[in-house]
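Written out below as C-alpha cells is the structure these notes cover.
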Amino acid sequence: MTHERFMPFSDAARQRLADPALADRLHRATILSLTKRDHLAAELPQWEALRRRARRIKLHTLTHLDDYVRQFVETARRNGATVHWGGDAEAARRIVTRIARDAGVRRVTKAKTMLGEEIDINAALESAGIEPIETDFGELICQLAGVAPSHVTAPIIDWSLEQVAALLEKKGIVHPADRADHALGRSQSREAQAAELVAAARAALRERFRSADMGVSGANFAVAESGTLVLVENEANIRLSTSLPPIHVALVGIDKLIPRLADLGTFLTLLPISATGQRQSSYVSLIHRPLNRLEIVLVDNGRLGLLADEEQYDLLSCIRCGACQNACPVYRHVSGGAYGGVYAGPIGAVLQPHLGGERRYAELPFASSLCGACSDVCPVAIPLHERLLEWRRRLVESGVRPWSERAAFAAWAWLMGHPRLYRRWRPSPEWIRGLVQEAGPGEAWIRTRDLPVPADETFAQWWKRTRG
Ligand code: SF4
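My numbering numbers the first residue of the sequence shown as 107 and each following residue consecutively.
Laid out in C-alpha cells, this is it:
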C-alpha cells in the first residue's frame with residue numbers, strides 16, 4: 107500500500123530535480139539497460155520485422171477483443187479455472203477479497219503485478235484484515251517504504267544500495283551487526299552486497315511466504331486458444347504465489363490477450379530484450395491446467411473506454427517492458443514518482459490520462475521533449491510521440507491548459523498562416539524573454555528551461571541562400 111500524496115507533475119518534478127544524485131542513479135541504470143538492449147536487438151536481423159509482427163498481432167487482437175475474451179473464458183474454464191469479470195478497480199478488489207474471505211485466508215503472497223498496483227489490491231486486502239507480502243524484492247522494498255514502484259520492470263530503479271540497506275535495517279530484516287560485518291563498500295563488490303541484502307530478506311521472509319494461504323499474480327500474456335497464462339520473471343519468486351499456496355488468483359488485464367500459443371515466440375523474444383537487455387528471461391511460467399485452485403479475474407478498469415478511442419486504442423498493445431521509460435530524457439531526470447500514477451514515463455504520460463482522468467494527469471503529455479526515442483525502442487512499435495502530440499492537441503482544445511498558453515499558440519498559428527509577415531518578423535531573444543516573463547505562467551515556464559538563442563540566419567534565409 108502506498109502512502110504518497112498526489113502531487114502535480116510540475117511540483118513533483120521540481121522536487122526531484124533538486125536531487126542530482128537521483129538523476130545520476132537513474133541515468134546509470136537506464137543507460138545500462140538500453141545499451142544491452144541495443145546490442146541484442148542489433149544481433150537480430152529480424153528485429154524490426156518482429157516489432158511489426160507484434161504490433162499486427164496486438165492490433166488484430168484488440169480489434170477482435172470480444173471474440174478473444176469469449177474464447178479465453180471458455181478455454182480457461184475448460185482447463186479448470188474459474189473466471190471472473192472485474193469491470194473496474196472496485197469490482198476487481200471486491201472479487202479478490204471475497205475469494206480470500208470465503209476461504210478464510212489470512213496471508214497472501216503477491217507476485218509483481220502492475221495491474222495489482224493499478225487497482226491497489228494490497229490496500230483492499232489489508233482493510234479486509236488480510237496480510238499481503240510482496241515476493242518480488244523491488245516490490246517488497248516499495249511495500250516496506252509505503253511508496254509506489256518507480257518503473258514497470260524495476261520498481262526501485264531510483265534507489266541506492268545504501269537506501270535499501272537502511273530500510274531493511276530499520277524494518278528489522280537486516281541486523282546492524284550483520285551490516286557491520288559486511289559494511290557496505292568495504293571489501294565486497296556492490297553486486298555481492300546487493301545479493302547479500304536479497305538473501306537476508308529471503309531468509310527473513312521465507313517462512314511467511316510458506317505459510318500464505320493464497321497467492322496473487324498478474325500475467326504477461328493470456329492465450330485465448332488454450333486458456334494459458336504466461337508469466338515472465340527473473341527472480342524465481344512467481345511460483346511462491348502461483349503454485350505454493352492452495353489458491354492462486356491471477357489479475358489479468360483484458361489487454362493481455364493474444365490469440366495463439368504460436369504468437370508467444372514473438373513476444374518472448376521482444377520482451378526480455380526490451381525490458382532488461384536479456385536474450386531470454388530466467389523463468390517463463392505457462393499455467394495451463396492448474397494443480398491448485400485457480401481464479402482468474404479479467405479486468406477492464408478503463409480499457410474498454412480506451413478501446414473505443416480510434417486514435418489511441420493501440421496504447422492497449424503495450425507489453426509493459428519499460429524500454430520507453432529507460433529511453434526518455436524526462437523520466438531519467440525525475441523518475442516514476444513524479445508522474446503521480448502507476449504508469450510513468452512516455453507510456454504513463456499517454457495512458458494515465460485515459461485510465462486516471464485527463465484533468466488529473468493533464469500535465470503529463472507535456473512532460474516530454476518529443477524526441478521520439480520512446481517510439482524507436484518500443485517493441486510493439488507504438489508511435490508514442492504521436493500519441494503525446496494528440497493528447498496535447500486534445501488538452502488544448504478541451505480547455506484544460508491555461509488560457510495564456512492557448513492564446514500564445516493561437517497567435518503563433520495565426521502568424522504561421524501569414525508567411526509574408528512571418529518572414530519579416532524575427533524577434534530578438536530579449537524580446538521573447540520579456541514577453542514570456544510578462545505572461546504570468548510563461549515565467550514559470552522559463553524557470554526550468556533555457557530559451558535557445560536564435561541562429562544568425564533563419565531557416566527561410568538559409569533555404570533561399572542555398573537552394574535559390
Ligand atoms: S509503450 Fe512500448 S516501450 Fe513503453 S512500456 Fe509499453 S511496450 Fe514497452
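The beta-carbon is built from N, C-alpha and C at its ideal position, and this holds for glycine as well.
The structure displayed is predicted, hence computed values, not measured ones.
Residue environment, residue i, which counts as buried when at least 16 other CB atoms sit within 10 Å
i: H524; result: exposed
i: W569; result: exposed
i: Q121; result: exposed
i: F565; result: exposed
i: H460; result: buried
i: W497; result: buried
i: S295; result: exposed
i: K276; result: exposed
i: E240; result: buried
i: R493; result: buried
i: G291; result: Residue placement at G291 is poorly supported in this model, since its pLDDT is 49, which falls under 50; the coordinates are not used for a value here.
i: V559; result: exposed
i: S504; result: exposed
i: L501; result: buried
i: A148; result: exposed
Proximity test, residue i beta-carbon vs the ligand SF4 heavy atom, cut-off 8 Å
i: P485; result: yes
i: V62; result: This structure does not reach residue 62, given that the chain is present from 107 up to 574, and the question cannot be answered.
i: I425; result: yes
i: V506; result: no
i: A429; result: yes
i: I225; result: no
i: P452; result: yes
i: S323; result: no
i: L490; result: yes
i: V258; result: yes
i: S101; result: Nothing about residue 101 can be read from this structure; the chain reaches only from 107 to 574.
i: C480; result: yes
Inter-residue CB distance, residue i and residue j (contact presumed, cutoff 8 Å)
i: K164; j: V486; result: 6 Å
i: L490; j: C480; result: 4 Å
i: G244; j: A260; result: 6 Å
i: G443; j: V253; result: 7 Å
i: S441; j: L132; result: 6 Å
i: C424; j: P452; result: So it is not a contact: roughly 10 Å between Cβ atoms.
i: E401; j: I353; result: 7 Å
i: L576; j: I360; result: An answer regarding residue 576 cannot be provided, because it is not within the stretch 107 to 574 covered by the chain.
i: A306; j: L357; result: Not quite, the Cβ-Cβ distance comes to about 29 Å (not below 8 Å), so this is no contact.
i: T382; j: L156; result: Contact doesn't hold; Cβ gap of about 17 Å is too wide.
i: F178; j: A325; result: Not quite, the Cβ-Cβ distance comes to about 11 Å (not below 8 Å), so this is no contact.
i: R200; j: E237; result: Wrong, their Cβ atoms sit about 19 Å apart, outside the cutoff.
i: V403; j: V355; result: 6 Å
i: I247; j: I262; result: 5 Å
i: N398; j: A195; result: About 26 Å; that fails the 8 Å criterion.
i: N340; j: S387; result: 6 Å
i: I379; j: R143; result: 6 Å
i: I227; j: V202; result: 6 Å
i: P396; j: A187; result: 6 Å
i: E469; j: F115; result: 4 Å
i: R465; j: V506; result: 6 Å
When the options are compared against residue i, the one with the closest alpha-carbon
i: S332; options: R184, L404, P471 and G454; result: R184
i: H145; options: L250, D406 and V483; result: V483
i: V214; options: R312, A147 and A455; result: R312
i: L421; options: R512, A300 and Y449; result: Y449
i: P255; options: R571, Y445 and A198; result: Y445
i: T169; options: A514, R409, P471 and I453; result: R409
i: A124; options: H439, C248 and T181; result: H439
i: G411; options: E511, C430, G462 and A429; result: G462
i: F327; options: S388, A368 and L140; result: A368
i: L370; options: T348, R395, N398 and V338; result: V338
i: E224; options: I239, R316, Q458 and I379; result: Q458
i: S323; options: S388, S347, R500 and C427; result: S347
i: Y174; options: T334, A135 and R345; result: T334
i: R308; options: M320, N407 and A342; result: A342
i: Q567; options: W537, T188, W531 and V559; result: W531
i: V258; options: G447, P396 and W191; result: G447
i: R162; options: L138, I364 and R176; result: I364
i: Y437; options: E464, F472 and A197; result: F472
i: S349; options: F373, D319 and L377; result: D319
i: I393; options: L128, T181, P126 and D117; result: T181
Any chain B beta carbon closer than 9 Å to residue i
i: W537; result: Among the chains of the structure shown, chain B does not appear; only one protein chain is present.
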